[in-house]
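2 protein chains.
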Amino acid sequence: MVHNKRFLAEQARIFKALGHPSRLLMVDALRGGELCVCELQKLVGDDMSTVSKHLSVLKEAGVVASSKRGTNTYYRLALCCLDTFLRCTGSLVEQRIKAQLAVLEHTPAAPEQTHPDARKPGPDGA
Amino acid sequence: MVHNKRFLAEQARIFKALGHPSRLLMVDALRGGELCVCELQKLVGDDMSTVSKHLSVLKEAGVVASSKRGTNTYYRLALCCLDTFLRCTGSLVEQRIKAQLAVLEHTPAAPEQTHPDARKPGPDGA
DNA sequence: TTTCTATTTGGCAAAAAAGCCAAGAAATAG
DNA sequence: CTATTTCTTGGCTTTTTTGCCAAATAGAAA
């Protein structure tokens with residue numbers, strides 16, 4: 297099914313939408329419940345128009361949905377599984393950052409990733 | 297923790313890396329086990345150099361890892377939770393495509409998303 | 001109505017990503 | 001050694017994305 301070009305493009309679109317710091321920050325904030333654009337704008341600090349465009353990217357991708365009430369537009373998450381995955385990528389990143397810090401401090405703490413996914417088909421890391 | 301700029305950027309990098317059809321296709325193929333560059337190149341059909349650059353993007357983001365054996369370089373997944381999330385985004389996309397097809401055929405089958413995540417804080421879709 | 005507040009859209013310039021070709025590296029075969 | 005295979009890197013052009021400003025839109029309030 298993944299070989300279907302359309303399917304592949306749509307799925308990639310979801311990841312692409314999440315692949316921007318500001319958008320990821322907003323999506324993360326929406327994990328706690330829906331927020332209006334002005335609240336999200338305060339959160340990321342960008343121009344309102346920029347935030348609005350980011351949100352439309354997320355919406356087009358199907359990551360969020362929106363509802364207009366009064367003069368406000370409220371956005372909410374529309375991707376159930378995101379929570380679990382964010383926790384996973386989060387822990388991966390945390391470990392990688394820690395490892396890098398250790399290297400900088402000349403104290404190579406963890407030599408390899410301790411991430412739950414670590415596999416070792418070969419002894420190297422190419 | 298998400299407010300940490302570095303953390304946010306690194307995590308976004310993972311999503312950005314996955315946000316390209318060719319890269320997503322390769323990552324999906326790697327779910328079945330490690331593959332060498334030439335096999336991945338055959339799969340996506342792009343120039344070898346293009347494939348190699350895509351793989352380096354995935355590697356830099358921490359999505360895959362690689363091992364050199366002989367003249368070949370083998371890539372493998374390095375993100376445990378990806379499997380679950382891909383299934384989730386996959387089912388979401390599948391539904392969205394089906395819904396769009398239904399609209400085109402003038403047979404509005406599913407009025408709203410039946411995705412496990414569907415929420416309804418408001419009756420609209422802005 | 002006018003005015004305000006909240007949001008979206010158009011347009012544009014700067015920055016980043018994509019993808020090709022050619023050239024470089026590295027292990028292997030002869 | 002040279003030649004071959006496999007992969008990576010440099011350079012370059014085209015395309016896409018980003019993010020600002022200004023203008024348009026849409027409710028709410030006066």
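Chain order of the listed sequences is A and B.
Using the working numbering, you'd call the opening residue of the first sequence number 297 and step up by one each time.
Using the working numbering, you'd call the opening residue of the second sequence number 297 and step up by one each time.
C-beta: ideal position from N, C-alpha, C; glycine also.
Keep in mind that this is a model prediction, so the values were computed, not measured.
As a quick exercise: from the options, pick the residue whose alpha carbon is nearest that of residue i.
i	options	result
residue 305 (chain B)	A:357, A:390, A:352	A:390
residue 357 (chain A)	A:301, A:300, A:308, A:302	A:308
residue 370 (chain A)	A:396, A:378, A:345, A:336	A:336
residue 310 (chain A)	A:332, A:347, A:351, A:330	A:351
residue 330 (chain B)	B:312, B:346, B:361	B:361
Could you tell me the alpha carbon to alpha carbon distance between residue i and residue j, rounded to whole angstroms?
i	j	result
residue 300 (chain B)	residue 334 (chain B)	39 Å
residue 381 (chain A)	residue 380 (chain B)	8 Å
residue 374 (chain A)	residue 359 (chain A)	5 Å
residue 343 (chain B)	residue 367 (chain A)	50 Å
residue 340 (chain A)	residue 349 (chain A)	13 Å
residue 412 (chain A)	residue 319 (chain B)	Below a pLDDT of 50, predicted positions are generally treated as unreliable, and residue 412 (chain A), at 44, falls in that range; the measurement from the model is reported next regardless. Cα-Cα distance, rounded: 23 Å.
residue 338 (chain B)	residue 388 (chain A)	30 Å
residue 324 (chain B)	residue 386 (chain A)	21 Å
residue 395 (chain A)	residue 393 (chain B)	41 Å
residue 327 (chain B)	residue 399 (chain B)	33 Å
residue 302 (chain A)	residue 314 (chain B)	16 Å
residue 354 (chain A)	residue 316 (chain A)	10 Å
residue 321 (chain A)	residue 332 (chain A)	14 Å
residue 312 (chain B)	residue 312 (chain A)	5 Å
residue 397 (chain B)	residue 377 (chain A)	24 Å
residue 372 (chain B)	residue 384 (chain A)	18 Å
residue 401 (chain B)	residue 347 (chain B)	37 Å
residue 365 (chain A)	residue 345 (chain A)	19 Å
residue 420 (chain B)	residue 363 (chain B)	Bear in mind that a pLDDT of 43 at residue 420 (chain B), under 50, signals an unreliable position, so the number given afterwards is only what the model happens to contain. Their backbone Cα atoms lie some 51 Å apart in a straight line.
Find the residues of chain B that neighbour residue i, judging by a C-beta separation of less than 7 Å, and give them in chain order.
i	result
residue 337 (chain A)	The premise fails here: residue 337 (chain A) is roughly 16 Å from chain B at the closest Cβ pair, so nothing lies under 7 Å.
Mind listing the chain A neighbours of residue i? Cutoff is C-beta to C-beta under 7 Å, in chain order.
i	result
residue 306 (chain B)	389, 392, 393
Cβ closer than 9 Å: which chain B residues qualify as neighbours of residue i?
i	result
residue 315 (chain A)	308, 309, 310, 311, 312, 313, 314, 315
Alpha helix (DSSP H) runs contained entirely in the region 327 to 399 of chain A, provided each spans 4 or more residues: 333 to 340, 344 to 357
Within 7 Å of chain B by C-beta, residues of the region 349 to 382 of chain A in sequence order: 358, 361, 362, 363, 364, 365, 369, 372, 374, 375, 376, 377, 380, 381
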